[in-house]
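Undergrad: Just so you know, the sequence shown maps onto residues 1 to 713 in UniProt numbering.
Dumping the structure here so I can ask a few things about it.
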Amino acid sequence: MNQKVHAPYHFVPLSKWVYMPEWAHLVSHDHPFEDGHSGVIEYTLRNNSPLCVGSDKDGNLVRFARNPAGIPVIPGSSLKGMLRNVLDIAGFGKFNQFDDFKLSYRDISSKSAYLDLIANNKPVPGWINYDEESEKWVFHKCSVAKIHHEEIKERLGIAVSNEDNAIKRYQKLPLSSSMRADISAPKGMKKNRWAESIGKGSTEGHLVFTNPRVLGQGDKRSYNFSYFFFNRQGIATTDNIQQQVHNLFENHRSISEKVNGQELDQVDYLQRNKHPEYGIPVFALMMRGEVQSFGFANMPRVSYKHSSLDLVDNLASEHSEDSYFSLSELLFGTLREGGYGLKSRVMFSDATLTSKETSIASQPVVLNSPKPSFLAAYIEQPIASDYASYGYQNEKETAKLAGWKRYPVMRDFKENRPSNDNENVQTRLELLTENHNFSGRIAFHNLKTEELAALIWVLTLNGSQDHYHTLGHGKSLGAGSVQFELSLDSKTNSGSSDDRSILDWVDLFVLHMNEQMVKGEWLQTPQLKHLLALCDEYISDENDFSAHDLKEFQKIKNDKAAIEPLSYNGATLSRVNSAPQRSGSVAFGKGRLSGLINKDSDLHLELHELADARQEEKQKQKKKQELTKAAQALQDAPVIEKSLGLLQHIVIGQEGATASFKKDKAKEIRSIGKELKQESLSKDEVHALCEVLTSINIAEKDVQKLIKWLEKQ
């Protein structure tokens, strides 16, 4: 039976559509919008579960942020970040706030693609070193032999063990110290060569250490060996060494050790304690003469084909495109080179505690840090038999990231007791108990009506009393659920007061986003359904948000299991149904943004085409709205006048008509015919009706039938 996968977080699906508002090219602090609004939102924030918005750390205790008077505060920057994330999702903004690097994998389970890759491409030992003259990393191949730890202890009087990490071993025998050894002929079934007579032999080399090997079947003593690098060769030049060195450093920081009171990971240690001439020892996986991956072990981690950014760009390049401005970027500001950046038009004060303080310190807990290498959760897994990744060497299809990581609102705060005594991963939190009140202000300047509506929708989460934001530390344990109560004081740029209620503003944003959809309703998209579900205080009643034990992850990997879909109100939420279509923006490349356009860019050409298509769609929508309004105005008119008017509207709207339009109008023509048959028509009226009908080129069968009847009158 496959392992069920759960986690203290879930994901809102990514979208192919990135919404760039049609006024994006007009946003400015200095030039007011005609429908601009400025003012202040006064709010009370109440926490529904224990809350820790930390600042300083006292040992392993994260203390709550406080002002100079010692009163707990929530920094405005924390609130801004929380709300911006919600608007990025709800406003179909950019998914670009992540560290981009290529992950790597090492799968030593039987019949794995990794083992096939290693078997067919034996790792090559060597050294990487940064060349100051060329300002590039270079790779020198070398030869390698194994050396028994017993040999080291017997000859050098220094004990090293497979249980020691590489840093501990290098502290005993640093890379800077060379030594001599005799190299044996190949021995045994695997034809390994061994360094012997260490300290007295004829070949000069260096001891190279790895982190502990995972013990399998067989004699435990057989794992007690390290490596002896010798016979360094000339530079092996390949085009992608720089990227592979970068990947090596990014992917080997999980094991650390205190050195002279300072915590260092393996990369930090080797960079600070490299060989003065040779650099850092590595094993290279090479295919067709190119370095595919560097590692610190003879079975190196292999870089996936794609980085996170590659997968996002494959979905929709607008997510990382500087010429595209999302709704949250327009409101909260964004950095751009060349003067195209925008200042925030929404300013957050710190929120200050106004109720009596009741705080506690949690027991030591482990705050789970989600890792993108956890394929069961971070990559969409739509087909169980075809487990997706960031792209193995032989994969044809490009996978999709699971999306926006969100911690669900939980009804209870649960401390997870550490499974071991490693104090480095333990944290204690200074928590305010539930039902504390904070007050704060949000000032806004020159926001368009739709932008202010967006801000209020985000603050109130669709105006619901049952939905909460998650804030601060300990969200994976159920801490940090908060809710706002708002008071709006806003004036238009013309000086008049806004008299809309908070719920009116919420409805206005829903209407606006519905109008931006090519098809369907905004609140019915998978993005909004998942977002609001994860903000619901009852979501944890239907889903398991507990964390797995470390020992369970290998079974999940072997079973090729995937995180359970989200269940909400008794139904499983689809991650694809009603997803919005990719659509352009009429603001793309307009006005001041024209300077960001590269005429030679295929992407920019495509975005221009999408913008033109969007403009056509908007014109059709406008025409449809006008026709609908005009048709409604005719409903109480005399039958002949009403019939002529409705038929003329069909003539106007038939160009480029959709199948649904044709179907609706065929039905309308039949209805017009029924009403006309109840009337006594003059020759002039018959002539006028036939003249309009002959101009209609849809619903031909119904049109001809009505014309034949009219001609008999």
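Each residue gets a CB set at the ideal place from its N, CA and C atoms; glycine is no exception.
Bear in mind the structure is a predicted one, so any value in this text is a computation, not a measurement.
May I ask which residues mark the beginning and end of the beta strand (DSSP E) holding F225?
TA: Residues F225 to F230.
Undergrad: Assign E357 to one of two classes, buried (16 or more other C-beta atoms within 10 Å of its C-beta) or exposed (fewer than that).
TA: So E357 counts as exposed.
Undergrad: Since M20 and F509 are thought to touch, with beta carbons under 8 Å apart, how far apart are those beta carbons, to the nearest angstrom?
TA: Going by Cβ atoms, the distance from M20 to F509 rounds to 17 Å, so no, they are not a contact pair.
Undergrad: Alpha carbon to alpha carbon, how far is E318 from V18?
TA: Spanning the two alpha carbons is a distance of roughly 6 Å.
Undergrad: Measure the alpha-carbon distance for S28 versus H445 and round it to whole angstroms.
TA: Using only the alpha carbons, I get a separation of about 10 Å.
Undergrad: How would you write the range of the beta strand (DSSP E) that D99 sits in, first residue to last?
TA: Per DSSP, D99 belongs to no beta strand (DSSP E) and is neither H nor E.
Undergrad: If you drop the 5 nearest sequence neighbours on each side, which residues of the same chain put their C-beta closer than 7 Å to that of C52?
TA: These residues qualify, in order along the chain: V62, F64, L429, E430, L431, G472, H473, G474 and A479.
Undergrad: For V291, collect the residues of the same chain with a Cβ closer than 7 Å to its Cβ; drop the 5 residues on either side in sequence, then sort them by chain order.
TA: F139, T238, N240, I241, Q244 and A284.
Undergrad: May I have the straight-line CA-CA distance separating N435 from R575, to the nearest angstrom?
TA: Roughly 34 Å between the two C-alpha positions.
Undergrad: Tell me whether D322 is buried or exposed, calling it buried when 16 or more other Cβ atoms sit within 10 Å of its Cβ.
TA: Exposed, since its Cβ has fewer than 16 Cβ neighbours within 10 Å.
Undergrad: Rounded to a whole number of angstroms, what is the C-alpha to C-alpha distance between G39 and M513?
TA: Cα-Cα distance, rounded: 23 Å.
Undergrad: State yes or no: is the C-beta of R582 within less than 9 Å of the C-beta of K16?
TA: Yes, the pair counts as a contact, with Cβ atoms nearer than the cut-off.
Undergrad: Hey, how far is the Cα of R213 from the Cα of A159?
TA: Going by the C-alpha atoms only, they are around 17 Å apart.
Undergrad: Quick one: what does DSSP say L264 is sitting in, helix, strand or coil?
TA: The answer is strand: DSSP assigns L264 an E or B state.
Undergrad: Are the beta-carbon atoms belonging to T44 and S439 less than 9 Å from one another?
TA: Cβ distance < 9 Å, so T44 and S439 count as in contact.
Undergrad: Given this structure, state the Cα-to-Cα distance separating Y538 from D265, to the nearest angstrom.
TA: Their backbone Cα atoms lie some 41 Å apart in a straight line.
Undergrad: Measuring only the C-alpha atoms, how far is E606 from Y324?
TA: Each residue's alpha carbon lies about 13 Å from the other.
Undergrad: Three or more beta-carbon pairs under 8 Å between the segment 358-368 and the segment 84-98, yes or no?
TA: Verdict: no, contact absent.
Undergrad: Please go through the same chain and pick out, in chain order, the residues whose beta-carbon is closer than 8 Å to the beta-carbon of D100, but skip the five residues on each side of it.
TA: Result list for D100: S307, S308 and L309, in chain order.
Undergrad: Just to confirm the assignment, what range does the beta strand (DSSP E) spanning T203 have?
TA: Start and end: T203 to V208.
Undergrad: Does DSSP put L459 in a helix, in a strand, or in coil?
TA: Three-state DSSP puts L459 in a helix.
Undergrad: Output the boundary residues of the beta strand (DSSP E) element that contains Q292.
TA: That run of the beta strand (DSSP E) goes E290 to G295.
Undergrad: When the Cα atoms are used, what is the spatial distance from F332 to D541?
TA: Distance between the alpha carbons of F332 and D541: 34 Å.
Undergrad: When you compare each of H206, E655, S78 and L647 to I669 by their alpha carbons, which one comes out closest?
TA: Nearest of H206, E655, S78 and L647 to I669, Cα basis: L647.
Undergrad: How would you call F11, buried or exposed, if buried means at least 16 neighbouring beta carbons within 10 angstroms?
TA: That one is buried.
Undergrad: R106 and P300 - do their beta-carbons sit closer together than 9 Å?
TA: Going by C-beta atoms, P300 is nearer than 9 Å to R106.
Undergrad: On the three-state DSSP scale, how would you describe A69?
TA: Coil.
Undergrad: Taking DSSP as the reference, what is the three-state secondary structure of A181?
TA: A181 falls in the strand class under three-state DSSP.
Undergrad: Assuming T210 and F296 are in contact, meaning their beta carbons sit under 8 Å apart, how far apart are those beta carbons, in whole angstroms?
TA: Right, the Cβ-Cβ distance comes to about 6 Å (below 8 Å), so this counts as a contact.
Undergrad: May I have the straight-line CA-CA distance separating R336 from S55, to the nearest angstrom?
TA: Cα to Cα, R336 sits roughly 29 Å from S55.
Undergrad: A284 lies in the beta strand (DSSP E); which residues open and close that run?
TA: First-last of the beta strand (DSSP E) with A284: I280 to M287.
Undergrad: Spell out the partners DSSP gives L51 in its beta bridges.
TA: DSSP lists L432 as partners of L51.
Undergrad: So what's residue 714 in DSSP terms, helix, strand or just coil?
TA: Residue 714 cannot be examined here, being either before or after the span of the chain that is shown, 1 to 713.
Undergrad: Measure the alpha-carbon distance for Q393 versus Y223 and round it to whole angstroms.
TA: The predicted model places Q393 with a pLDDT of 49, which falls under 50 and marks its position as unreliable; any figure quoted below should be read in that light. So the alpha carbons of these two residues sit roughly 29 Å apart.
Undergrad: Would you call the CB atoms of Y390 and K102 closer than 9 Å?
TA: Yes, they are a contact pair.
Undergrad: Per the contact definition of three or more C-beta pairs closer than 8 Å, is the segment 652-667 in contact with the segment 695-702?
TA: As far as the Cβ criterion goes, the segment 695-702 touches the segment 652-667, which means the pair count is three or higher.
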